[in-house]
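**Student:** In terms of the numbering used here, the sequence shown has 337 at position 311, counting the first letter as 1, and numbering is strictly consecutive.
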Amino acid sequence: MRLFLSVIFLCLLLLGIGAPAEARTLGPPEPRPAYQPPPKQPDHELYKRIFELQERAQWASADRLIRELDDTTLLGHVYRLRYMHPTAYRSKWSELRDWLKKYADHPGAWQVYHLAKKRRPKGARMPKPPPARIYNQTYASSMPTVRTFYKRSTQRIRREVNRLTYRERPTQALRYISKRSVDRQLSAAETDLLRSKISRSYFIEGKPSKALEIAQLATRSRHVVTLSDWHAGLAAWRLNKFDVAVTHFTYLSENENAKDRHRAAASVWAARSYLALNKNPEATLMLEEAVKYGRNDFYGLLAYRRLNGPVAFSWTQTSLQESETIENLDAVQRALKLLEADQQELTELELLNIRNRLTRPQQKALLELAINLKLSAVELAMTEILEYGNERTPHVLPEGYYPIHDYMPSADYIVDKALVFALIRQESRFKARAKSRVGARGLMQIMPSTAAFMTGDRKYRYKSGRDRLYDISVNLDIGQSLLFKLLGEKSMENNLIKVLASYNAGSGKVKRWSREIGRPDDPLLFMESMSAPETRLYVQKVMANLWIYRDRLNQSSPSLDELASGEWPIYRSQPDMQIETKNRQNRSVKMTADVFN
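Structure representation (structure tokens):
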């Protein structure tokens, strides 16, 4: 018996059972095993030529090659591109109907379905609709809300206030909601929501006293109208009423109904106000609150840099254990064949189309496939699903949140990769076929009119040329050229806030804002005073992306250092940054009143 127990103990030692687990530290992730692509299918060259011919609208030539195909797997994509061509092909009802009967599981099926409804002859029966879209439910907000503007009458009132404030007429808007016939239709919360909007309009129009007055009235509903304290605080700051600003920013920072990014922003501005009042300990506490709520966002990173010096991230890899094979899925087989035919955009569409229909083990397998095939859009989308919530851990990020797969040789980048990737992540989320509601296209979301101006080619203005912007190399060339031009403009002076705002809203608007806002000594106030809310948020998100990508690419972030010091953030290419790092990396940002003022 003793001999038997000794043998068992020896086996346990050899297997490592019972040994203390090794502590897991966050270090550089281990490299993934090299991916071995499947052998190419015999028809991939034929498909490549078919897609090329269809891009030139040579339908008859494409049909001749289609008749030579042994593998018809990709014909759903071939015919969809033909039937949905914007100018060179007018699809028939019968073609659309037959396509839907065969290929309803393909990406783009709903666009074909809607076109078929328009082309359907009277009395013809529509085919079965494509499978319903499935959206990721993990992003649903759990924040409590109060129902407002649910009546038609109050919706009309809100539209009228929106119209007046858009036309820069806050006084007319205020008079309008003050009418008895209007006021009696609104609840207190609805009135204060409109007051908050009008206050913002007064602030943009350069009337901070009136903005403060109206915003303070709206704060009676601060549990619902959370941004009323934000507008009041900014107006008070502009009037140098720092004690009033502290009060309102602190209210918003502590408001549990407010979004985390708003609480982080309010905390930073409360810290600025305390510094202006020479209350450094209180400022430090508010910066700590900003780090807690802002985490890896713009104001969170800014606050961390102020408190602790350079920001360093730990990069993790999403666990792919317990993944399940997906190579047998029709969509995956089509995607692999599309990639062989040089159709990366269609490959991404095919894989993104199934991401929310998979089991979690299958989703892990799809992420692994996206990493191996260097499909950034799919990698980002799958990481967001599998790592939901983990991006909120301060300074610890999964690699898939910030893909770095190159789209072209390094020599072809005329602007730093970090800035290009930061823009693409915000503009298109790496989707080569992305299109905005106003018509911007491709990775860097280029408007056709901008492409025509930058290239001198008027074809981009017309339907026949616009879709060229979906071509990755064309889009990156034009987008980088635009960035390079903006960086070189005398009015921009390599100023990242103004350059990014110009990329989003146009340089004409930014020049006008510079004249109207003034305050050349306060970059954060300039940013928060821009009249377009989407541009303000855009600048913040791209700046945060840039700082994170700098770390991802082992670069420093002098623009973060500068903004944390109250200076304008200046673009510097990597060689300049490497030289500068030696002098600036260990520089602490002093906690004095003149830093943010």
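For every residue, glycine included, the Cβ atom is placed at its ideal position computed from N, Cα and C.
#1: Between the Cα of E71 and the Cα atoms of Q84, L495 and L100, which residue gives the shortest distance?
#2: Which whole-angstrom value describes the C-beta separation of Q343 and E425, a residue pair presumed to lie in contact below a C-beta threshold of 8 Å?
#3: Report back the beta-carbon spacing between G326 and A316 to the nearest angstrom; my notes put them in contact at under 8 Å.
#4: Report the option in R210, M470, W85 and E94 whose CA atom is closest to the CA atom of Y109.
#5: Assign S402 to one of two classes, buried (16 or more other C-beta atoms within 10 Å of its C-beta) or exposed (fewer than that).
#6: Going by alpha carbons, who is nearest to L423 out of E410, H140 and P435?
#7: Just curious, the alpha helix (DSSP H) that L377 is in, first and last residue?
#8: Which partner residues of V422 appear in the DSSP bridge assignment?
#9: Between H257 and R298, how many whole angstroms is the CB-CB distance? I'm expecting something under 8 Å.
#10: Going by the beta-carbon positions, is the gap between L526 and V565 smaller than 8 Å?
#11: Closest to T310 by C-alpha separation, out of Y319, R332, A292 and N322, would be which residue?
#12: Just verifying my parser: in three-state terms, what is the DSSP assignment at I430?
#13: Decide yes or no for the touch test of the stretch 284-291 against the stretch 378-388: beta carbon pairs closer than 8 Å, at least 3 of them.
#14: Tell me whether the stretch 497-508 and the stretch 530-537 touch, counting them as touching only if at least three CB pairs, one residue from each stretch, are closer than 8 Å.
#15: At which residues does the alpha helix (DSSP H) containing N501 begin and terminate?
#16: Alpha carbon to alpha carbon, how far is E280 from E515?
#17: For T174, which residues of its own chain have a beta-carbon under 8 Å away from its beta-carbon, when the five flanking residues on both sides are left out?
#18: Can you tell me whether R632 is helix, strand or coil according to DSSP?
#19: Locate the alpha helix (DSSP H) running through R562, then write down its first and last residues.
#20: Check I472 in the structure and name its three-state DSSP category.
#21: Taking all protein chains shown into account, do 16 or more other C-beta atoms lie within 10 angstroms of the C-beta of V104, making it buried, or fewer, making it exposed?
#22: Per DSSP, what are the beta-bridge partners of I596 in this structure?
#23: Could you pull the start and end residues of the alpha helix (DSSP H) that P234 belongs to?
#24: For E350, tell me which candidate among Q369, Q388 and E374 has the shortest Cα-Cα distance.
#25: Give the single residue among S340, P549 and S293 whose Cα lies nearest to the Cα of E308.
#26: How is the alpha helix (DSSP H) around M312 delimited, first residue to last?
#27: Helix, strand or coil for K489 per DSSP?
#28: I need the DSSP call for A135, collapsed to helix, strand or coil.
#29: If S668 and I596 are in contact, beta carbons under 8 Å, what's the gap, nearest whole angstrom?
#30: Alpha carbon to alpha carbon, what distance is there between W573 and L79?
#31: Tell me the residue span of the alpha helix (DSSP H) that contains N334.
#32: Return helix, strand or coil for N97, following the three-state DSSP convention.
#33: Taking Cβ positions, are V208 and I183 nearer each other than 8 Å?
#34: Keeping to the same chain, check which residues put their C-beta closer than 8 Å to that of I352; ignore five residues upstream and five downstream.
#35: Since Q471 and S462 should fall inside the 8 Å C-beta cutoff, what is the C-beta to C-beta distance between them, to a whole number of angstroms?
#36: With H, G and I counted as helix, E and B as strand and the rest as coil, what does DSSP make of N382?
**Tutor:** Taking the definition as stated:
#1: Relative to the Cα of E71, the nearest Cα in the group Q84, L495 and L100 belongs to L100.
#2: The pair is a contact, with the Cβ atoms about 6 Å apart (cut-off 8 Å).
#3: Sure, about 6 Å apart at Cβ, within 8 Å.
#4: Nearest option by C-alpha distance: W85.
#5: Counting Cβ neighbours within 10 Å, S402 comes out buried, since at least 16 surround it.
#6: When each option's Cα is compared against that of L423, the closest is E410.
#7: From DSSP, the alpha helix (DSSP H) with L377 extends over Q370 to L378.
#8: In the DSSP output, where bridge partners are listed per residue, V422 has S340.
#9: Between R298 and H257 the Cβ distance is about 16 Å, and since that is not below 8 Å, they are no contact.
#10: Cβ atoms of L526 and V565: closer than 8 Å.
#11: Checking every option, the nearest Cα to that of T310 belongs to R332.
#12: Coil at I430, not helix or strand.
#13: Between the stretch 284-291 and the stretch 378-388, the count of Cβ pairs shorter than 8 Å is below three; the stretches do not touch.
#14: Flag = no, the stretch 497-508 and the stretch 530-537 do not touch.
#15: For N501, the uninterrupted alpha helix (DSSP H) segment begins and ends at I498 to G514.
#16: So the two alpha carbons sit approximately 42 Å from each other.
#17: Taken in chain order, the residues that qualify are T180, S213, A215, E216, L219 and V250.
#18: Shown here, the chain extends from 27 to 623; a query on residue 632 therefore has no answer.
#19: Element bounds for R562: P559 to R578.
#20: Note: I472 maps to strand in three-state DSSP.
#21: So V104 counts as buried.
#22: I596 pairs with N521.
#23: Counting along the chain, the alpha helix (DSSP H) containing P234 begins and ends at P234 to A244.
#24: The option with the nearest alpha carbon to E350 is Q388.
#25: Nearest C-alpha to E308: S293.
#26: In the DSSP assignment, M312 falls within the alpha helix (DSSP H) that extends over N306 to G320.
#27: DSSP, reduced to helix, strand and coil, places K489 within a helical segment of the structure shown.
#28: Helix at A135.
#29: Given a span of 27 to 623 for the chain in the structure shown, any question on residue 668 remains unanswerable.
#30: Note on geometry: alpha-carbon atoms of L79 and W573 lie some 42 Å from one another.
#31: In the DSSP assignment, N334 falls within the unbroken alpha helix (DSSP H) covering F324 to N334.
#32: The identity of residue 97 in the sequence shown is Asp, whereas the question assumes Asn. D97: coil per DSSP, three-state reduction.
#33: A contact, by the Cβ cut-off of 8 Å.
#34: Short of 8 Å from the beta carbon of I352, and not among the five residues preceding or following it, lie these beta carbons of its own chain, in chain order: V358, L384, Q388, A391, L392 and L395.
#35: Contact flag correct, Cβ pair sits at about 6 Å.
#36: Correct three-state label for N382: helix.
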